[in-house]
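Okay, structure first, notes after.
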Amino acid sequence: MNHSEAATIFNKNEKKVNWHDKALWFVRHKRDKSAHSVEGWEELRNLGQGIKAHTLSNLDNYLIQFEENALKNGVQVHWAQDGDEHNRIVHSILKEHNAKKVVKSKSMLTEECHLNPYLEADGIEIIDTDLGERIVQLAKETPSHIVLPAIHKTKEEVDELFQEHLGTKPCGGDPQYLTGEARKHLREKFVNADAAITGVNFAIADTGGFVVCTNEGNADMGAHLAPVHIACMGIEKIIPKQEHLGVFLRLLARSATGQHITTYSSHFKKPRKGTKMHIVIVDNGRTEQLSRPDFRASLQCIRCGACMNTCPIYRRSGGHSYDATIPGPIGSILSPGKDLTKHSSLPFASTLCGSCSDVCPVKIDIHTQLYKWRQIITKETKQPYVKVMSMKMMGDIFSKPTKFEKVGKVARWSLRNLPKGIINSKPNVWGKERDLPSGPVESFDEWYKNRK
Amino acid sequence: MNGIKTENKMSSRDAILSRIKTNKPDLLELPIINVDVFADSRNIVDEFVLKVEVSGGHVIKASTTDDIFNQINTMFPEGKVKYTTLENTAAFNTVDFDTFKSQKALENLDVLVLESDLGVAENGAIWIKDTTLPMRVLPFITKHLIIVINQTQLVPFMHQAYQKIATEDNDFGVFLAGPSKTADIEQSLVIGAQGALSLTLFLR
């Protein structure tokens, strides 16, 4: 199913779509308020962009340095070329420690690699411990947003899920009660876990340490209680020095939720006494994206989700309509690099308004890249017949001024005089949900020539 | 790990690194952080208090350690399991972590009082490092977290905080802002997710 078909399904529940749209726009507003309170915010974005771009241009050396320091810290380092190898490595570490019960904090990378089903197939219990992720896990769904995984769920739906799986009482969707019950349920999982898996927000080359950010404290509850901690990271999570965290931690939460910093920004360097710490460094298509000059800046992403909250398409189509681990504008420039055919509709799920690029804390030119993917996709994948023909016709009209003028005249007259039934007839998809404006008497060209 | 696994690991490592080497762009310059461009006219203490409160914490101005512990005892009269790392306050402790056997028992910790030597005004974050903790999990697993900090240990921005941290060697450390929280159910903010239910900050 392509994006617009999936979005049509999401749009059947108008009330829910309106709520989704408004909720995310509210988060976007919080982001603005928070960002505008920072003196030198644009300079901060410039630094974020500059540090990330520099890092990508020297990524191999920084990864080597990171590995060297992590090993010195007593951390074991593993390398995975793809999702499969990542899953095999994590599985073998768990087997080595005879771990049957695993708690996991949010990691989009492990979602990307489909780690959960891989481990579950071997009878390992893996519990997502971020509340939003636990909700979607219980619902057997995937996150629809990278920061707000369950934004597509109503509180009543969560209420029902918890009654079914956690044995809670019906509460009319009371968030306080439901969160409290989730706390009890998850704390029981934390204290009994054999191993903890976390993602990595930033990995620091010059210390070999890494930082994990959460609001719920779930990464820390997992990692500090279990005897084994496995941290999974994409190769692009590296930053050169610890002082650069000053830039990125100032940008991340403000861009994500409008908070000035997440509740917990945990700096892991060495395993605690008597326990093991592993880091799995994953490529899974990232080095290929690095080879594309037009698209490599997408690897600067720090996964704040600001581009999703601001996107008029995302807000009205929902994260699941993208059918990709990372939805929204940033996902639409990352996904085609992995599978051009499967994700060929995503770069078209945009108005190219550029708001995503404006809010991006590391200044990725997201909407320019969306446009560039369109050029490639149109050439390399089969386009619908109607689209090909109409583009050809439009191209012909636009290239011939006399023809353009004639067609314009007919179109303006038609919009003024033909009945709606004809104007909005089936071939005109623009007339499906809206009325076209009444045609003006003069064209711009005529107005310009006749002006006094 | 056996020899075969190590060999596989090496080959993936080398394959990834060599692909990066081939695919990366020409070296770009690393920008230098000029902290001066971020300077604003805000008062550090006022800003810090404001931001701790924005993040869901309570701030109480205090003078002496005795004063602080008197207030804590009134705040949590029902607290049975209590622990502090502050000096000369051992009478407050009801547990001794050196003898702790089961992790489950840690869940009963009601009140934990810690000291921090670094707070950040721009976001209300407080630095806690593991050299000051008997166990890393404590500030997260405790029901109520209390932190004592001196006004003189506040810095305006994260940049200055990292300048200070650069002089230390910590195996683990956390910037902590407020109690644990979530808005994952319909964007309604709920204080008290998986970590501490409350954060009280004594500023002296």
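Taken in sequence, the protein lines are chains E and V. Numbering (my numbering) for the first sequence: 1138 to 1589. Numbering (my numbering) for the second sequence: 2 to 205. Heads up, the beta-carbon is just placed ideally off N, CA and C, and yes, glycines get one too.
Residue i versus residue j: straight-line alpha-carbon distance, rounded
i                      : j                      : result
residue 1448 (chain E) : residue 134 (chain V)  : 44 Å
residue 1201 (chain E) : residue 17 (chain V)   : 11 Å
residue 1253 (chain E) : residue 1278 (chain E) : 12 Å
residue 146 (chain V)  : residue 108 (chain V)  : 13 Å
residue 1375 (chain E) : residue 74 (chain V)   : 45 Å
residue 1163 (chain E) : residue 1154 (chain E) : 14 Å
residue 56 (chain V)   : residue 1296 (chain E) : 27 Å
residue 1203 (chain E) : residue 163 (chain V)  : 19 Å
residue 1273 (chain E) : residue 1583 (chain E) : 57 Å
residue 1586 (chain E) : residue 1554 (chain E) : 25 Å
residue 1260 (chain E) : residue 1222 (chain E) : 19 Å
residue 1355 (chain E) : residue 1321 (chain E) : 12 Å
residue 58 (chain V)   : residue 1399 (chain E) : 13 Å
residue 1392 (chain E) : residue 1551 (chain E) : 47 Å
residue 1475 (chain E) : residue 1437 (chain E) : 17 Å
residue 1418 (chain E) : residue 110 (chain V)  : 36 Å
residue 128 (chain V)  : residue 120 (chain V)  : 6 Å
residue 1180 (chain E) : residue 1581 (chain E) : 41 Å
residue 1578 (chain E) : residue 1572 (chain E) : 18 Å
residue 171 (chain V)  : residue 1301 (chain E) : 44 Å
residue 1342 (chain E) : residue 1531 (chain E) : 52 Å
residue 1172 (chain E) : residue 1145 (chain E) : 34 Å
residue 1427 (chain E) : residue 1473 (chain E) : 14 Å
residue 70 (chain V)   : residue 1249 (chain E) : 49 Å
residue 87 (chain V)   : residue 1452 (chain E) : 49 Å
residue 1284 (chain E) : residue 116 (chain V)  : 31 Å
residue 61 (chain V)   : residue 90 (chain V)   : 19 Å
residue 1506 (chain E) : residue 1228 (chain E) : 36 Å
residue 1150 (chain E) : residue 1287 (chain E) : 17 Å
residue 1502 (chain E) : residue 1492 (chain E) : 10 Å
residue 64 (chain V)   : residue 1329 (chain E) : 42 Å
residue 1549 (chain E) : residue 1524 (chain E) : 22 Å
residue 1564 (chain E) : residue 1539 (chain E) : 25 Å
residue 177 (chain V)  : residue 126 (chain V)  : 5 Å
residue 1168 (chain E) : residue 1396 (chain E) : 8 Å
residue 1147 (chain E) : residue 1156 (chain E) : 12 Å
Opposing strand residues paired with residue i [DSSP bridges]
i                      : result
residue 1265 (chain E) : E:1241
residue 1 (chain V)    : No answer is possible for residue 1 (chain V): it lies beyond the span of chain V, which begins at 2 and ends at 205.
residue 1216 (chain E) : E:1418
residue 207 (chain V)  : Shown here, chain V extends from 2 to 205; a query on residue 207 (chain V) therefore has no answer.
residue 1347 (chain E) : E:1340 and E:1405
residue 1335 (chain E) : E:1368
residue 126 (chain V)  : V:121
residue 182 (chain V)  : V:192
Host alpha helix (DSSP H) of residue i (start-end)
i                      : result
residue 70 (chain V)   : 66-76
residue 1404 (chain E) : Premise fails: residue 1404 (chain E) lies in the beta strand (DSSP E), 1401-1405, not in any alpha helix (DSSP H).
residue 84 (chain V)   : Residue 84 (chain V) -> not in any alpha helix (DSSP H); beta strand (DSSP E) instead, spanning 83-85.
residue 1328 (chain E) : 1312-1329
residue 1531 (chain E) : 1522-1536
residue 92 (chain V)   : Here residue 92 (chain V) belongs to no alpha helix (DSSP H), and DSSP marks it neither H nor E.
residue 1503 (chain E) : 1503-1517
Extent of the continuous beta strand (DSSP E) run through residue i
i                      : result
residue 1282 (chain E) : Note, residue 1282 (chain E): premise wrong, no beta strand (DSSP E); not H, not E.
residue 116 (chain V)  : 112-116
residue 1370 (chain E) : 1365-1371
residue 177 (chain V)  : 173-177
Anticipated Cβ contact below 8 Å, residue i with residue j, distance rounded
i                      : j                      : result
residue 1362 (chain E) : residue 1339 (chain E) : Not really, about 23 Å apart at Cβ, beyond 8 Å.
residue 1366 (chain E) : residue 1333 (chain E) : 5 Å
residue 1336 (chain E) : residue 1369 (chain E) : 6 Å
residue 1187 (chain E) : residue 1266 (chain E) : The Cβ separation is near 35 Å, so there is no contact.
residue 1165 (chain E) : residue 1421 (chain E) : In fact, because the Cβ distance is near 30 Å, the residues do not count as touching under 8 Å.
residue 183 (chain V)  : residue 194 (chain V)  : 4 Å
residue 1298 (chain E) : residue 1323 (chain E) : The pair is not a contact, with the Cβ atoms about 14 Å apart (cut-off 8 Å).
residue 1465 (chain E) : residue 1456 (chain E) : 7 Å
residue 1305 (chain E) : residue 186 (chain V)  : Between residue 186 (chain V) and residue 1305 (chain E) the Cβ distance is about 12 Å, and since that is not below 8 Å, they are no contact.
residue 154 (chain V)  : residue 118 (chain V)  : 5 Å
Handout entry: Meets three-Cβ-pair contact criterion under 8 Å: the region 152-164 of chain V and the region 1375-1391 of chain E
Key = yes
Notebook entry, point to check: Does the pairing of the region 1491-1509 of chain E with the region 1438-1453 of chain E give three or more beta-carbon distances under 8 Å?
Noted result: yes
Would the region 35-44 of chain V and the region 1234-1249 of chain E be scored as touching if the rule is three or more Cβ pairs under 8 Å? no
Touch test, the region 1351-1360 of chain E against the region 1203-1220 of chain E, Cβ-Cβ under 8 Å, three pairs minimum: no
*Just checking, does the region 21-33 of chain V make contact with the region 1180-1195 of chain E on the three C-beta pairs under 8 Å criterion?*
yes
Is the region 1508-1527 of chain E close to the region 1475-1494 of chain E, with three or more CB pairs under 8 Å? yes
How do the region 44-54 of chain V and the region 74-84 of chain V stand: do at least 3 beta-carbon pairs fall below 8 Å, yes or no?
-> no
Touching or not, the region 1409-1417 of chain E and the region 1138-1156 of chain E, by the rule of three or more beta carbon pairs under 8 Å? no
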